[in-house]
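Numbering of the sequence shown is given in this note's numbering, commencing with residue 230 and proceeding in unit increments.
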Amino acid sequence: MEAILKQILDKLQIIEQEVSDVKTNMATKQELEEVKQNFTTELEDIKANMATKRELEEVRNRFTKEFEDIRTNMATKQELEEVKHSFTKEIEDIKANMATKQELEDIKA
């Protein structure tokens, strides 16, 4: 009888230890709710602040269009150099062919 009682007490002690381990390691409903609330808040923040693929595509399309417009409408350095050269030549031609005020005075005199 004593041996049986000792076995029962040993099993009871094992069960108590297992229950204690379960209590120590299990999450409470309150802890679960806190975790759930934290993740919900984080997800809402992410949703509020993230750019969607659609928004990104709209931005990409807008900038692509703007870059195309710039490329279409901007003067290249080569074109600028050609215009500069042309104007320089015209100015030199004008200077070579114009009468100075002094020459005009000489003619008047």
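Yeah, the Cβ is synthetic: ideal placement off N, Cα and C, and Gly gets one too.
Query, Result
"What's the gap between the Cα of E311 and the Cα of M303?", "14 Å"
"For the alpha helix (DSSP H) containing A277, name the first residue and the last one.", "K258 to N278"
"Grab me the residues of K324's own chain with a C-beta within less than 6 Å of its C-beta, minus the 5 sequence neighbours each way, in chain order.", "none"
"Taking 7 Å as the cut-off, is the C-beta of A280 nearer than that to any heavy atom in the ligand COA?", "Summarising the ligand content, the structure contains no ligands, and the ligand COA is consequently not present."
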